[in-house]
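Letter by letter, the sequence shown follows residues 1 to 451 of the UniProt record's numbering. Written below as structure tokens is the structure these notes are about.
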Amino acid sequence: MEVVVASSSVDAGISCWELQSGAEHLRYRGCSSPPHGLACVGRRFLASSQLRSSSSSSGSVFYWSWNKTQPEVKSFPVESISPLACNSDGTYIVGGGASGDIYLWEVASGQLLKHWRAHYRSVTCLTFSDDESLLISGSEDGCVRVWSLCRLFDIMGDTMSRHAYENSFTEHTLKVTDVVCGYGGCNAIIISSSEDRTCKVWSLPKGKLLRTVVFPSKINAIALDPGENVFYAGSSDSKIYVAVLNAVSPTSSSYGLHIISALSDHSKAVTCLAFSNDGISLVSGSEDATVRVWDTKLNNVVRIFKYAKGPINNVIIVRQPIHLISQLPQSAATSLPRKQSSLLSAPPLNKYVDSEDENLHNKPIKILLSPSDQSLDGRYLSFSVMTSQIKELQNQDSAASAAMELERLRLDCKRSMQMTEKWKKMYEGILDLSIGDQLDGSHFTDAFEKP
């Protein structure tokens, strides 16, 4: 089961609907999110950055448990955060700042692990590659940059290199509004949209521009077809344009080169797009306060969700966990004891990198457990512990290493003897067969030559 989650720039909260049935779940209050400011953390809870009020000097990021209507955890980063992105298991949450800086937090501890200067102007969008080894960012400076997470945490690499990014694409002339990444990790394609009315297709391995598609209107959001044959571009003229990636549209196309068709049912600008896991259902959000579900094979609307009020600027699709309590009626969920009903166990996000934790590679990484695993002890993966153990085993003076080496030699010797014995038997068998054939041949010759 999949859930459609939508939010707005006005304080209209967060709405949830079941994609297949259209049933509405709890409505979460107290949210006014910027574009790309809504995320689901490991399918455990919702996170949203908040538009900064004129009286506030810092930004804010709120967490909502699936079964609680009010935000349970409030964080106040050092500056206003707009886009948010999470890796699939909810270990990390990344935020883009108004200054052009990017912040990377560990969710389970709230610790700020990394903070770096990424762009000259505000960060507008963030996304991970499909293998989650790369982070892609877009900015108001018209630049799209690709960051390797391994390289970001490589202290020696940072000091020796001139810059931390893998690629920097600068062909857009205005603000980047959205960015998506295809399949293939470092061999994938990236598609970016901009207020300059273009979408650009980039090659990650080659680091160059592959295609530019010019649209009739400003593009606010893009979604890539899972087959990577076409992509969808939501525009300010209320249409969703369909552009091809590997072919040229007919010259008779009224929309422009590479644009093969358009989906039209919204009455105002399309601001956000998301694909369902079935690869067919496309979900769009609009300033007309509706969410529409499209069948991309038939190119028609199959369902409409009406938002409470205000323009929609974020839509995400979440595969709903089996244990999600929001499946229960609201009265049943609110009647549960607080300790049982709350599924949220993450602390607030820290403002600054802890000065005591400068060597981040020595820190244990905590992983949030699903509620079904809450009886287990916390899981910790420590790079430093694993490294020290490997070095100890590799040390020739180590008793453990000597014992392991001796055991390995014994096994190799045993396998060699077994192989020798096997080849010996095979040789003896072949020799017996050859002698037998020769004896049979000599008997036949003697019988043939006898008078």
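From the three backbone atoms N, C-alpha and C, an ideal C-beta is built for every residue, glycine too.
Best match in the options for proximity to residue i [C-alpha to C-alpha]
i           : options                : result
V179        : T170, F169, L349, I190 : I190
residue 456 : P71, E195, S65         : Look at the range of the chain in this structure, 1 to 451, and you will see that residue 456 is not part of it.
S264        : G256, I240, S148       : I240
L84         : L38, Y120, N277        : L38
N87         : A98, S65, L104         : L104
A118        : F128, D130, L135       : L135
E171        : S238, L209, H25, E287  : L209
S261        : T124, A233, R292, V283 : A233
V94         : D131, D354, L149, D288 : L149
N220        : D237, E228, T212, G207 : D237
N67         : L282, H266, R43, R408  : R43
S222        : D101, S281, C272       : The amino acid occupying residue 222 in the given sequence is Ile; Ser does not appear at that position. Residue C272 is the option with its Cα nearest to I222.
F305        : S434, R292, K297, I312 : R292
L349        : I14, T91, Y28          : T91
W202        : E195, G184, L174, F169 : F169
Beta-carbon separation (whole angstroms), residue i vs residue j, contact threshold 8 angstroms
i    : j    : result
G59  : P77  : 5 angstroms
V41  : V146 : The pair is not a contact, with the Cβ atoms about 23 angstroms apart (cut-off 8 angstroms).
V3   : L19  : 7 angstroms
V230 : V244 : 5 angstroms
G310 : S80  : G310 to S80, Cβ: 20 angstroms. No contact.
A188 : C181 : 5 angstroms
K218 : S235 : 6 angstroms
heavy atom of the ligand ATP below 7 angstroms from residue i C-beta
i    : result
D354 : Questions concerning the ligand ATP fall outside what the structure shown contains, since it holds no ligand whatsoever.
Residue i - containing beta strand (DSSP E), residue span
i           : result
residue 482 : Residue coverage of the chain in this structure runs from 1 to 451, which leaves residue 482 outside it and unanswerable.
R303        : 300-306
K114        : 112-117
N350        : Element bounds for N350: n/a, residue is neither H nor E.
K239        : 239-244
S235        : 230-235
residue 452 : No answer is possible for residue 452: it lies beyond the span of the chain, which begins at 1 and ends at 451.
A85         : 81-86
M296        : Here residue 296 is Thr; the residue named in the question, Met, does not match the sequence. T296 -> no beta strand (DSSP E), and no H or E assigned at all.
V94         : 92-97
S267        : From DSSP, S267 is part of no beta strand (DSSP E); its letter is neither H nor E.
V315        : 312-319
Entirely within the region 153-225 and at least 3 residues each: give me those beta strand (DSSP E) ranges in chain order.
-> Within the region 153-225, the complete beta strand (DSSP E) runs of at least 3 residues are 165-169, 176-181, 189-194, 198-203, 208-214, 219-224.
Enumerate, from N- to C-terminal direction, the unbroken beta strand (DSSP E) stretches of 3 or more residues contained entirely within the region 9-74.
-> Runs of beta strand (DSSP E) with 3 or more residues, each lying fully within the region 9-74, are found at 14-18, 38-41, 45-49, 61-65, listed in chain order.
Going along the chain, which unbroken runs of the beta strand (DSSP E) with 3 or more residues stay wholly within the UniProt repeat "WD" (116-149)?
-> With a minimum length of 3 residues, the continuous beta strand (DSSP E) runs that stay inside the UniProt repeat "WD" (116-149) are 123-128, 134-139, 144-148.
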